[in-house]
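Structure record follows, encoded as structure tokens.
Numbering (my numbering), first residue to last: 2 to 138.
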């Protein structure tokens, strides 16, 4: 997927945190340790550094959600993370994003912390970021 295609899909999926631009995706893809797993339905963008793999973002076309695509992309992210010798996978998710939290919890991610009032939605009160982790070994 091109940075433009990544940005377009990200914009369809997110208002908060704000959608990332094509320039931001291009810069991330050029960064050390960053990897992309994608399918026609969506993508998972990760970064592995020093044995830790972080899920930077996961996006599935809204018209194709709740069909297992997110789970498959998450599994692909984990597989690449293991190949890169990461022993742990990390992510953050908005406390209000129950669908994503359910996906991560069902994949054995566990809450490991909280960043209070981390996300600023377009309207309303700030939202906590829930930190999650999963052992990959």
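Ideal placement from N, C-alpha and C gives every residue a C-beta, glycine not left out.
Over the uninterrupted alpha helix (DSSP H) stretch that includes residue 39, give me the two end residues.
Not the alpha helix (DSSP H): residue 39 falls in the beta strand (DSSP E), residues 35-40.
Determine, using beta carbons only, whether residue 31 and residue 20 come nearer to each other than 9 Å.
no
Closest by CA to residue 95, which one among 83, 116, 26?
116
Which residue spans inside the stretch 36-85 form an unbroken beta strand (DSSP E) run of at least 3?
43-50, 53-61
So residue 143 packs on residue 43, CB below 8 Å; how close in whole Å?
Only positions 2 to 138 of the chain appear in this structure, which leaves residue 143 out of reach.
Residue nearest to residue 98 in terms of C-alpha spacing, selected from 4, 27, 63, 17:
17
CA nearest to the CA of residue 83, picked from 24, 4, 27, 137:
137
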